[in-house]
Amino acid sequence: MSKPRVVAIIQARMNSTRLPGKVLAQIQGKPMLTWVVDRARLAKNLAEVVVATTTDESDNAIVQLCHSRSINVTRGHPVDVLDRYWNAVEAYDAEVIVRLTADCPLIDPELIDETVNTVVNAEKTVDFAATRLPWKRTYPIGLDVEVCTRDALKTAWHEASEAHQREHVMPYLYENPDRFSIVQLNADRDYGNLRWTVDTEEDLQFVRELTSRLGDRSAFRWRDILSLLTEYPELSAINAGVEHKSHKDVG
Numbered sequence: 032m033s034k035p036r037v038v039a040i041i042q043a044r045m046n047s048t049r050l051p052g053k054v055l056a057q058i059q060g061k062p063m064l065t066w067v068v069d070r071a072r073l074a075k076n077l078a079e080v081v082v083a084t085t086t087d088e089s090d091n092a093i094v095q096l097c098h099s100r101s102i103n104v105t106r107g108h109p110v111d112v113l114d115r116y117w118n119a120v121e122a123y124d125a126e127v128i129v130r131l132t133a134d135c136p137l138i139d140p141e142l143i144d145e146t147v148n149t150v151v152n153a154e155k156t157v158d159f160a161a162t163r164l165p166w167k168r169t170y171p172i173g174l175d176v177e178v179c180t181r182d183a184l185k186t187a188w189h190e191a192s193e194a195h196q197r198e199h200v201m202p203y204l205y206e207n208p209d210r211f212s213i214v215q216l217n218a219d220r221d222y223g224n225l226r227w228t229v230d231t232e233e234d235l236q237f238v239r240e241l242t243s244r245l246g247d248r249s250a251f252r253w254r255d256i257l258s259l260l261t262e263y264p265e266l267s268a269i270n271a272g273v274e275h276k277s278h279k280d281v282g
């Protein structure tokens with residue numbers, strides 16, 4: 032049996048609430064969005080990596096960046112991100128969808144592959160797999176990978192009605208465990224208090240300081256970051272006070 036077509040879709044917009052323009056913020060001379068795309072492209076199970084931005088004029092800069100770097104890009108609804116995803120799914124004929132966000136430049140390609148394999152290679156149907164659920168995570172914030180089947184996402188696209196379900200794409204799936212088969216991946220111990228995403232100036236400073244110490248190791252793993260933070264424990268203090276948003280926050 033042939034493998035399904037797996038497409039990673041990275042949502043990106045300029046008008047983020049807490050740090051506008053963050054997706055194009057420079058990290059070691061490269062826009063953050065490019066970090067996410069390049070890291071995702073290291074995953075072995077992806078047929079395509081696509082950026083899904085909005086039709087808002089403010090996101091023209093994202094489209095220009097993607098065109099200049101031969102990155103697949105689609106445009107869709109500014110607020111209904113679930114609809115924006117479905118448009119990208121149809122445009123790139125995705126059978127399995129990987130949801131990534133443009134504010135996670137440290138995303139781990141092997142963790143992407145592991146999450147995809149949980150869906151694609153399951154003996155019994157798995158509709159949705161993720162490295163975290165809103166009420167529990169053991170991987171650091173910023174290593175979030177969500178994977179679902181085309182049929183599951185289509186159901187969510189048709190039926191999800193709550194604002195947070197439309198904006199955050201996949202809550203309808205894990206909020207209905209009686210309807211969908213759900214698997215959560217866990218680390219060997221609880222690292223869920225570690226914050227490696229970019230939502231504030233402090234987060235951006237943390238990632239810049241961290242990556243400056245990685246040098247030219249472009250294919251680093253998340254455990255390499257753990258080792259680096261053990262060597263430089265002062266880095267974790269940079270954004271330790273940032274409060275993580277709830278999955279039900281919108282806007």
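Letter by letter, the sequence shown follows residues 32 to 282 of my numbering. Ideal Cβ positions, reconstructed from N, Cα and C, are used throughout, including at glycine. Source: prediction; values computed, not measured.
If you measure between the beta carbons of residue i and residue j, is that distance less than 8 Å?
i      : j      : result
ALA125 : ARG36  : yes
VAL214 : THR132 : no
ASN103 : GLU79  : yes
ASP234 : ASN270 : yes
MET45  : ALA92  : yes
VAL112 : GLU198 : yes
GLU190 : TYR203 : yes
VAL94  : VAL127 : no
ARG248 : MET201 : no
Using DSSP bridges, identify the partner residues of residue i.
i      : result
PRO62  : GLN57
PHE159 : CYS179, ILE213
VAL68  : None; VAL68 has no bridge partner.
ILE41  : VAL82, LEU131
GLY107 : THR85
ILE172 : ARG226
LYS167 : LEU164
Between the Cα of residue i and those of the options, spot the shortest distance and give me the residue it belongs to.
i      : options                        : result
ALA71  : ALA39, ILE269, GLN59, CYS97    : ALA39
THR85  : ARG106, LYS75, LYS155, ALA92   : ARG106
VAL110 : VAL273, LEU266, THR48          : THR48
ILE41  : TRP117, ARG163, ASP87          : TRP117
ARG163 : ILE143, VAL151, ALA153, GLU154 : ILE143
SER99  : SER212, LEU259, PRO62, GLU274  : PRO62
GLY272 : ALA83, ASP87, PHE237, GLY52    : PHE237
HIS108 : ASP90, SER101, CYS97, ASP230   : ASP90
THR211 : GLY246, VAL178, SER33          : Sequence check: residue 211 is Phe here, not Thr. Closest option to PHE211, Cα to Cα, is VAL178.
LEU96  : GLY52, LYS75, HIS195           : GLY52
HIS285 : THR231, SER33, GLU88           : The chain is shown from 32 up to 282; residue 285 falls before or after that span and cannot be answered.
SER101 : LEU260, LYS75, VAL68, ASP87    : VAL68
GLY60  : TYR263, ASP209, GLY246, SER33  : GLY246
For the putative contact between residue i and residue j, defined by C-beta atoms under 8 Å, what is the C-beta separation to the nearest angstrom?
i      : j      : result
LEU114 : TRP188 : Here residue 114 is Asp; the residue named in the question, Leu, does not match the sequence. That belief holds up - the Cβ atoms of ASP114 and TRP188 are roughly 7 Å apart, short of 8 Å.
LEU64  : LEU55  : 6 Å
ARG239 : ILE58  : 6 Å
ALA250 : LEU73  : 6 Å
TRP253 : ASP134 : Rounded, the Cβ-Cβ distance is 16 Å, inconsistent with contact.
LEU241 : LEU257 : About 11 Å; that fails the 8 Å criterion.
THR146 : LEU216 : 6 Å
ALA43  : VAL82  : 5 Å
Following a CB-centred definition, is residue i positioned closer than 7 Å to any heavy atom of the ligand GDP?
i      : result
PRO136 : Within the structure as shown, the ligand GDP is missing, as the structure has no ligands at all.
Q.
Could you check whether the stretch 163 to 173 touches the stretch 218 to 229, counting it as contact only if at least three pairs of C-beta atoms, one from each stretch, sit closer than 8 Å?
A. yes
Q.
For the pair the stretch 224 to 237 and the stretch 173 to 189, tell me if three or more CB-CB distances fall below 8 Å.
A. yes
Q.
I'd like to know if the stretch 150 to 158 and the stretch 179 to 186 are in contact, where contact means that at least 3 CB-CB pairs between them fall below 8 Å.
A. yes
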